[in-house]
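Right, one structure below, let's go through it.
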Amino acid sequence: MARAQYILIGGFLGAGKTTAMVRFGAYLAAAGRRVGLITNDQSSGLADTRIVEHAGFPVREITGGCFCCRFNSLTAAAEQLAAEAAPDVFLAEPVGSCTDLRASVQYPLRRLYGDNYRIGPLSVLVDPVRALRILGLEPGKAFSRKVQYVYRKQLEEAELIVINKCDLLDATRRSQLEDALHAAFPAAEVFLASARTGAGLERWFARVIDVESDARPAPAVDYDTYAEGEALLGWFNGTFRLETRSPFDGNRFLLQLAHQVRHVLAPAQPEIAHFKMTLVPSDEGGDMAALNLVGTDREPELSHALEDDMRDGELIVNLRAESDPERLRGAIIDSLAAVTARHGIACEPVHMEHFRPARPSPTHRMATVET
Ligand SMILES: Nc1nc2c(ncn2[C@@H]2O[C@H](COP(=O)(O)OP(=O)(O)O)[C@@H](O)[C@H]2O)c(=O)[nH]1
Ligand SMILES: [Mg+2]
Numbered sequence: 473m474a475r476a477q478y479i480l481i482g483g484f485l486g487a488g489k490t491t492a493m494v495r496f497g498a499y500l501a502a503a504g505r506r507v508g509l510i511t512n513d514q515s516s517g518l519a520d521t522r523i524v525e526h527a528g529f530p531v532r533e534i535t536g537g538c539f540c541c542r543f544n545s546l547t548a549a550a551e552q553l554a555a556e557a558a559p560d561v562f563l564a565e566p567v568g569s570c571t572d573l574r575a576s577v578q579y580p581l582r583r584l585y586g587d588n589y590r591i592g593p594l595s596v597l598v599d600p601v602r603a604l605r606i607l608g609l610e611p612g613k614a615f616s617r618k619v620q621y622v623y624r625k626q627l628e629e630a631e632l633i634v635i636n637k638c639d640l641l642d643a644t645r646r647s648q649l650e651d652a653l654h655a656a657f658p659a660a661e662v663f664l665a666s667a668r669t670g671a672g673l674e675r676w677f678a679r680v681i682d683v684e685s686d687a688r689p690a691p692a693v694d695y696d697t698y699a700e701g702e703a704l705l706g707w708f709n710g711t712f713r714l715e716t717r718s719p720f721d722g723n724r725f726l727l728q729l730a731h732q733v734r735h736v737l738a739p740a741q742p743e744i745a746h747f748k749m750t751l752v753p754s755d756e757g758g759d760m761a762a763l764n765l766v767g768t769d770r771e772p773e774l775s776h777a778l779e780d781d782m783r784d785g786e787l788i789v790n791l792r793a794e795s796d797p798e799r800l801r802g803a804i805i806d807s808l809a810a811v812t813a814r815h816g817i818a819c820e821p822v823h824m825e826h827f828r829p830a831r832p833s834p835t836h837r838m839a840t841v842e843t
């Protein structure tokens with residue numbers, strides 16, 4: 473039997489991994505391939521899983537830790553998907569604050585499961601506005617040094633760097649960023665794409681499908697700095713049930729909530745990495761809204777909008793920012809109280825968690841493909 477392909481789509485929080493993965497899935501499905509998607513988070517209640525389900529793909533969610541620290545769940549998820557949908561391609565999205573994926577995921581998969589899977593090259597997506605700041609090409613708020621360490625390590629281990637969201641850049645900024653990435657990370661091939669418009673995606677997809685991951689030794693990673701950098705990010709995940717007598721505009725609700733949260737957080741000036749929410753009405757109509765904010769000084773935007781007003785449903789809130797997680801929780805709870813009151817909505821928490829990611833402790837660390 474032919475080996476299934478196992479493809480990791482990496483990149484920092486908010487870079488566009490989920491959007492790209494859904495596009496990639498559609499591209500493969502159109503070519504007659506069966507696709508299974510795998511999402512991942514440090515805790516449960518994932519907006520990404522709702523988005524991928526909404527796109528109609530079979531999905532498994534690995535929660536409670538990153539792929540590297542829950543390596544066995546990565547193969548277990550693939551086996552479950554295999555039983556259900558027999559995919560010949562698995563697309564997996566690691567947590568956006570993780571790095572060292574070559575040594576903790578790619579090479580262990582190759583060494584231990586090489587008969588089952590053909591491992592694709594490691595792609596790392598970047599949001600160009602964030603990358604221009606972190607590479608020092610443009611001024612603007614960025615993360616502190618240790619968070620940037622994680623960001624740069626992701627790029628250092630990338631085989632393919634994809635400058636995503638090219639629709640946001642003019643030609644000058646595009647080539648500045650491309651040149652800087654080539655110079656700083658010479659081992660990687662650099663692609664320009666927009667997961668939103670579709671521009672440039674096919675060239676990257678074709679490359680990912682054609683080649684197997686290379687065998688370059690994984691870069692050295694200082695796990696103390698990595699752990700400290702990752703733990704500077706606060707995490708909040710919440711799932712809420714909303715209900716009201718008279719229908720409300722869910723799109724407007726999400727936008728108001730995002731603005732309110734940003735307003736409440738403003739005095740503390742935390743850098744938001746990714747603030748993501750989904751709103752799914754209870755009736756099985758397939759309608760969904762999703763809101764994203766990928767930087768404190770960026771604008772919240774709806775990547776999916778509801779077609780109709782709604783009466784009740786499920787709200788998922790995933791917020792990651794360089795902040796005390798307690799503050800994030802407070803900002804969500806206070807903002808939710810204010811905005812639901814404005815719309816006369818009853819809001820009941822189903823699940824809430826706030827924390828800093830624990831020190832990464834990979835199940836395997838294999839710095840090379842061969843022993
Ligand atoms: N302008 C623009 N926005 C994009 C593009 N790709 C993704 N986004 C947006 O970036 C935000 C984060 O995307 P998502 O796929 O959730 O990122 P992830 O955290 O890496 O999975 C969402 O609002 C997306 O709609 C793109 O090519 N252009
Ligand atoms: Mg995602």
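Our numbering numbers the first residue of the sequence shown as 473 and each following residue consecutively. Glycine included, each C-beta is placed from N, C-alpha and C at the ideal position. This structure is a prediction, so every number in the text was calculated from the model and none was measured.
Consider the C-beta atom of Asp642 and the heavy atoms of ligand 2; say whether any pair is separated by less than 7 Å.
Mapped onto the sequence shown, residue 642 falls at position 170. No, the Cβ of Asp642 stays beyond 7 Å of every heavy atom of ligand 2.
Shorter than 7 Å, the distance from the beta carbon of Glu794 to the closest heavy atom of ligand 1, or not?
The count along the sequence shown starts at 1 and reaches residue 794 at position 322. No, since every heavy atom of ligand 1 falls outside the 7 Å radius drawn around the Cβ of Glu794.
Can you tell me whether DSSP reads Thr711 as helix, strand or coil?
In the sequence shown, residue 711 corresponds to position 239, counting from 1. It is a strand residue.
How would you call His746, buried or exposed, if buried means at least 16 neighbouring beta carbons within 10 angstroms?
Here residue 746 is taken as the residue at index 274 of the sequence shown, counted from 1. Buried: at least 16 other Cβ atoms inside 10 Å.
Distance check for Asp781 and Ser754, CA to CA, integer angstroms please.
By one-based count along the sequence shown, residue 754 stands at place 282. By one-based count along the sequence shown, residue 781 stands at place 309. Cα to Cα, the separation comes out at about 12 Å.
Please find out if some non-hydrogen atom of ligand 2 comes closer than 7 Å to the beta-carbon of Asp686.
One-based indexing of the sequence shown puts residue 686 at position 214. The answer is no for Asp686.
What residues match up with Ile479 in a beta bridge as DSSP calls it?
Counted from its first residue, the sequence shown places residue 479 at position 7. Paired residues: Leu563.
Looking only at C-alpha atoms, which of Leu573, Phe539 and Val531 sits nearest to Ala555?
Taking the sequence shown and counting its residues from 1, the one referred to as residue 555 is at position 83. The candidate whose alpha carbon is nearest that of Ala555 is Val531.
Buried or exposed: Gly816, going by 16 or more other Cβ atoms within 10 Å of its Cβ?
Mapped onto the sequence shown, residue 816 falls at position 344. With fewer than 16 Cβ atoms within 10 Å of its Cβ, Gly816 is classed as exposed.
Check whether the Cβ atoms of Ala603 and Lys748 sit closer than 8 Å, and answer yes or no.
Working through the sequence shown from its first residue, we reach residue 603 at position 131. Working through the sequence shown from its first residue, we reach residue 748 at position 276. No, the pair does not count as a contact, with Cβ atoms beyond the cut-off.
Buried or exposed for Arg495, going by 16 or more other Cβ atoms inside 10 Å?
Start at 1 with the first residue of the sequence shown, and residue 495 comes out as number 23. Classification for Arg495: buried.
Would the C-beta of Thr490 count as close to ligand 2, meaning under 7 Å from any of its heavy atoms?
By 1-based counting over the sequence shown, the position of residue 490 is 18. Because some heavy atom of ligand 2 lies under 7 Å away, the Cβ of Thr490 counts as near it: yes.
Across the stretch 699 to 709 and the stretch 822 to 831, are there enough close Cβ pairs to call them in contact, namely three or more that are closer than 8 Å?
The stretch 699 to 709 is in contact with the stretch 822 to 831.
Where DSSP assigns a beta bridge to Ser616, which residues make up the other side?
One-based indexing of the sequence shown puts residue 616 at position 144. None, per the DSSP bridge assignment.
Mark Pro742 as exposed unless 16 or more other C-beta atoms lie within 10 angstroms of its C-beta, in which case mark it buried.
The sequence position of residue 742 within the sequence shown is 270, counting from 1. Pro742 comes out buried.
Helix, strand or coil for Phe677 per DSSP?
As a working note, residue 677 is residue 205 in the sequence shown. Phe677: helix per DSSP, three-state reduction.
Along the beta strand (DSSP E) that carries Leu500, what are the first and last residues, could you check?
Within the sequence shown, the letter at position 28 stands for residue 500. Careful: Leu500 lies outside any beta strand (DSSP E), inside the alpha helix (DSSP H) at Lys489 to Ala502.
Taking the C-alpha atoms as reference points, what is the distance between Ala549 and Glu650?
The count along the sequence shown starts at 1 and reaches residue 549 at position 77. The count along the sequence shown starts at 1 and reaches residue 650 at position 178. Looking at the two C-alpha atoms, the distance is approximately 35 Å.
Alpha carbon to alpha carbon, what distance is there between Thr750 and Arg583?
The residue given as residue 583 occupies position 111 in the sequence shown. The residue given as residue 750 occupies position 278 in the sequence shown. Arg583 and Thr750: Cα-Cα distance of roughly 38 Å.
Taking DSSP as the reference, what is the three-state secondary structure of Leu653?
Reading the sequence shown from its first residue, position 181 is the one you call residue 653. Three-state result, Leu653: helix.
In angstroms with no decimal places, state the Cα-to-Cα distance between Thr547 and Pro566.
As a position in the sequence shown, residue 547 is number 75, starting the count at 1. As a position in the sequence shown, residue 566 is number 94, starting the count at 1. Each residue's Cα considered, the two are about 14 Å apart.
With distance defined between alpha-carbon atoms, name the residue in Arg688, Leu485, Ala630 and Gly536 nearest to Val619.
The residue you call residue 619 lines up with position 147 of the sequence shown. The shortest Cα separation from Val619 among Arg688, Leu485, Ala630 and Gly536 belongs to Leu485.
Please name the residue in Leu573, Asn636, Ser576 and Glu631 whose C-alpha comes closest to that of Pro600.
For the purposes of this step, residue 600 is identified with residue 128 of the sequence shown, where counting begins at 1. Ranking Leu573, Asn636, Ser576 and Glu631 by Cα distance to Pro600 puts Asn636 first.
Residue ranges of each beta strand (DSSP E) run of no fewer than 3 residues wholly in the stretch 509 to 580, ordered along the chain?
As far as the stretch 509 to 580 is concerned, its whole beta strand (DSSP E) runs of at least 3 residues are 531 to 534 and 561 to 564.
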